[in-house]
Amino acid sequence: MAAAATAFVLIGGNGASTARRALTPDEANRLAITRFLNYQAGGRAVTITVPSTAGGLVVTGSVDYRAGIGYGVVRGTGRDTSSDGLIQWTAAAVLVHPMADVPATAPPSPPPSGWYRRPVQSSGNALDTSLAIALGLGSDRPDNAELLPQNGAAVVGQDKVRGHSVEIMTGPNVHTKSGTSADAVSGTGDSVRYWIGVDGTMYRVRAGVASESRPVVIDFDDRKYVPVRPAPGVTPAG
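Residues 1 to 238 (my numbering) are what the sequence shown spells out, left to right.
This is the structure:
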């Protein structure tokens with residue numbers, strides 16, 4: 001699949017480490033459908049922890065995998081509080097709505113004004129890379145379960161995420177296409193790790209960001225998914 005690659009570096013994993021081993025056919029099937037399940041659900045509630053030398057950013061919100069839009073609240077930690085406010089993004093653009101007093105959750109309807117829009121930066125920006133990765137974790141079709149083990153996908157650990165037993169698997173690198181859709185290529189490695197439940201549900205993803213020494217962490221929350229309404233001037237992919 002033609003794609004403009006987002007850069008990744010090798011990362012480690014949380015949870016109980018196990019000897020690296022090949023995927024069983026059942027595990028390969030679970031990994032193959034995990035992004036498709038996100039798409040089938042319409043969207044997922046997410047918490048994106050973005051690494052930064054200034055302290056980091058946390059985005060709490062929702063991603064609509066059919067429309068290709070994310071929306072939520074962004075907060076800085078440490079010294080990095082200048083970006084606090086609302087945020088909405090597609091594969092092509094990032095919109096921010098600065099707020100001095102950030103709410104716990106984003107309002108269901110985005111404000112009609114006060115948005116600042118800019119193009120997505122394809123490299124050198126940890127926030128934009130993290131947002132692109134989050135959008136790329138949904139697909140309108142399953143990956144090829146037979147190709148995943150051939151290209152190096154493996155089980156590297158076990159863990160529990162909010163009470164759910166999961167296996168940690170290396171899997172497809174996430175790439176961003178031109179336009180507003182995202183997909184993954186069949187080549188795999190240790191650059192992205194997935195926390196996958198027994199039914200294929202994706203609970204967490206960690207991916208290295210080339211511009212930072214620490215990885216981005218994307219948690220798929222148990223919070224109810226709130227459908228994303230486009231901000232002014234944003235056109236859904238679907």
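Each residue gets a CB set at the ideal place from its N, CA and C atoms; glycine is no exception.
Cβ neighbour criterion (16 or more within 10 Å) applied to residue i
i	result
GLY268	The displayed coordinates of the chain run from 1 to 238. Any statement about residue 268 would go beyond what the structure contains.
VAL73	buried
GLY34	Note that residue 34 is Thr in the sequence shown, not Gly. Counting Cβ neighbours within 10 Å, THR34 comes out buried, since at least 16 surround it.
PRO112	exposed
ARG193	buried
ALA63	The amino acid occupying residue 63 in the given sequence is Val; Ala does not appear at that position. Counting Cβ neighbours within 10 Å, VAL63 comes out buried, since at least 16 surround it.
VAL198	exposed
PRO172	buried
Pairwise C-alpha distance: residue j and residue i
i	j	result
LEU37	LEU31	10 Å
ALA28	PRO149	7 Å
LEU135	GLN121	15 Å
ALA239	TYR39	With the chain represented from 1 up to 238, any question about residue 239 goes unanswered, as that position is not in the structure.
VAL147	VAL174	Per the sequence shown, the amino acid found at residue 147 is Leu instead of Val. The alpha-carbon atoms of LEU147 and VAL174 are separated by roughly 16 Å.
MET99	THR129	23 Å
ALA104	PRO119	26 Å
PRO227	GLY200	22 Å
ASP221	ALA237	24 Å
VAL94	ARG117	6 Å
VAL59	PRO25	35 Å
ARG214	GLY208	7 Å
Same chain, Cβ closer than 8 Å to residue i, neighbours up to 5 away in sequence not counted
i	result
ALA154	ARG20, ARG21, ALA22, LEU23, MET169 and THR170
PRO110	TYR71, LEU86, GLN88, HIS97, ARG229, PRO230, ALA231 and PRO232
DSSP three-state assignment for residue i, whether helix, strand or coil
i	result
PRO227	coil
SER165	strand
ASP222	coil
LEU127	helix
PRO111	coil
ASP101	coil
LEU95	strand
VAL185	Residue confidence for VAL185 is low, a pLDDT of 33 falling below 50, so the modelled location carries little weight; the figure read from the coordinates is stated next. DSSP places VAL185 in strand when its eight states are reduced to three.
GLN40	helix
ARG35	helix
ASP159	strand
ASN151	coil
ALA134	helix
ARG206	strand
Neighbourhood of residue i by C-beta distance below 7 Å, restricted to the same chain and skipping five residues each side
i	result
LEU127	VAL50 and LEU57
PRO61	First, the amino acid is wrong: residue 61 is Gly here, not Pro. Counting only Cβ-Cβ distances below 7 Å, and skipping sequence neighbours, we find VAL46, GLY70, TYR71, GLY72, VAL73 and ALA106.
PRO83	According to the sequence as given, residue 83 is Ser; it is not Pro. So the list reads LEU57, VAL74, GLY76 and VAL96, once near-sequence residues are dropped.
Other residues of its chain near residue i: CB distance less than 6 Å, five sequence neighbours each side excluded
i	result
SER211	GLY124 and ALA126
PRO142	ALA32, ILE33 and PHE36
VAL217	THR49 and ARG206
LYS224	none
ASP219	THR47 and ARG204
GLY138	ARG35, ASN38, TYR39 and TYR65
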